[in-house]
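What follows is one structure encoded as structure tokens, with my remarks underneath.
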Amino acid sequence: MSWPSNAKKRDAESDPIYHNRLINTAAKKETAKSDSIDYKRFSNSSSNKRTAKSDSLDYKRFSNSSSNKRTAKSDSIDYKRFSNTAAKKTAAESDPRKHKRLINIAPKERIAKRTAKSDPIYNNRLVNMLVNRILKHGKKSLAYRILYRAMRKIQQKTRKNPLVVLRQAIRGVTPKVTVKARRKSGSTYQVPIKIRSTKAKVLAIRWLLGASRKRPGRNMYLKLSYELLNAAKKQGSAIRKKEETHRTAEANRAFAHYR
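Every letter in the sequence shown is one number past the one before it in the UniProt record's numbering, and letter 239, counting from 1, is 239.
The structure is reproduced here in structure tokens:
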């Protein structure tokens, strides 16, 4: 009965690679037994491997995780991503202020809309919007001076509250629709688009200021006051610009589906 074991020994001795492998494993076992902590580690790892192989789902999970690690190293982009995130985490932990900032940031936090502030004299947002559009090279005091002088001139001419005239002028110039250029299959179409009230108001102010700047003369406050008076009476260049926009939108009504 001892013949097969002798045959095995002879095979091991005849095959030097197999013989070396056996010697190495025996040496490892001896060192593991001499060091109790290392022996425990060795025995636990071997038992874990056995349980992983016996439980098919766990073994699959284990094999998938190892394959993922391999792909992360082989795929340079994924590996860089992984290393960058690790570096960021360590940087955040080392810098406590940055770490707190990262924690306090709320996901998908909506930024509140900014509303126009009111001016100091008339306490009106519309006046402040007009001042901000008159403003050039950061000279806000000059922009305020131009508008207040224009308002004083309107009051002298009409004997009315200048704010009422200003509102009438802006309401008269405010468009309901506008046109936007859209390129489709090599051709450019003027597509009519409905605009919001705030955007329409901004457009009206821009047209009023553009028309007043084109007027002959040197004093801006005089040109602005005359343009506002004309717009309140449904006259002037700004009113013509609004009517022209409406006509263009009506003519290109067929291209409304290109928006």
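Cβ atoms here follow ideal geometry from the backbone N, Cα and C, with glycine treated the same way.
Requested in this report: Report the rounded CA-to-CA distance for tyrosine 148 versus lysine 180, giving the unit in angstroms.
Outcome: Within the sequence shown, numbered from 1, the residue matching residue 148 stands at position 148. Within the sequence shown, numbered from 1, the residue matching residue 180 stands at position 180. Approximately 34 Å, taken between the alpha carbons.
Requested in this report: Alpha carbon to alpha carbon, how far is alanine 200 from isoleucine 193? Give it in angstroms, no decimals.
Outcome: Taking the sequence shown and counting its residues from 1, one reaches residue 193 at position 193. Taking the sequence shown and counting its residues from 1, one reaches residue 200 at position 200. Isoleucine 193 and alanine 200 have their alpha carbons spaced roughly 11 Å apart.
Query raised in the report: Going by beta carbon distance, what residues of the same chain come within less than 8 Å of valine 131, once the five residues before and after it are set aside?
Result: The sequence position of residue 131 within the sequence shown is 131, counting from 1. The answer, listed in chain order, is Asp119, Lys140, Ala143, Tyr144, Leu147.
Report task. Using the Cα positions of proline 248 and lysine 184, report the straight-line distance between them to the nearest angstrom. Result -> Numbered from 1 along the sequence shown, position 248 holds the residue referred to as residue 248. Numbered from 1 along the sequence shown, position 184 holds the residue referred to as residue 184. Just to set this straight, residue 248 is threonine in the shown sequence, not proline. Rounded to the nearest angstrom, the two C-alpha atoms are 18 Å apart.
Requested in this report: Tell me whether glutamate 243 sits in a helix, a strand or coil according to DSSP, three-state version.
Outcome: Numbered from 1 along the sequence shown, position 243 holds the residue referred to as residue 243. For glutamate 243, the three-state secondary structure derived from DSSP is helix.
Query raised in the report: DSSP three-state call for isoleucine 121: helix, strand or coil?
Result: Here residue 121 refers to the residue found at position 121 of the sequence shown. Coil.
Query raised in the report: Going along the chain, which unbroken runs of the beta strand (DSSP E) with 3 or more residues stay wholly within the UniProt domain "Small ribosomal subunit protein uS7" (108 to 253)?
Result: 177 to 184, 187 to 194
**Report entry** Buried/exposed call for glutamate 244, threshold 16 Cβ in 10 Å
**Finding:** Position 244 of the sequence shown, counted from the start, is the residue given in the question as residue 244. The residue in question, glutamate 244, is exposed, as its Cβ has fewer than 16 Cβ neighbours within 10 Å.
Requested in this report: Closer than 6 Å by C-beta to lysine 242: which residues in its own chain qualify, once you throw out the five before and the five after it? Chain order, please.
Outcome: On the sequence shown, position 242 is the one that residue 242 refers to. Closer than 6 Å at Cβ, skipping near neighbours: Val173, Pro175.
Query raised in the report: Measuring CA to CA, which of Arg196, Pro216, Leu228 is closest to tryptophan 207?
Result: Indexing the sequence shown from 1 puts residue 207 at position 207. The residue with the shortest Cα to Cα distance from tryptophan 207 is Leu228.
Requested in this report: Identify, in the order they occur along the chain, each residue of the same chain with its Cβ nearer than 8 Å to the Cβ of threonine 158, setting aside the five sequence neighbours on each side.
Outcome: Reading the sequence shown from its first residue, position 158 is the one you call residue 158. Contacts found: Val165, Leu229.
Requested in this report: State the Cα-Cα distance for the pair alanine 204 and methionine 220, rounded to the nearest angstrom.
Outcome: Locating residue 204 in the sequence shown gives position 204, where the first residue counts as 1. Locating residue 220 in the sequence shown gives position 220, where the first residue counts as 1. The alpha-carbon atoms of alanine 204 and methionine 220 are separated by roughly 18 Å.
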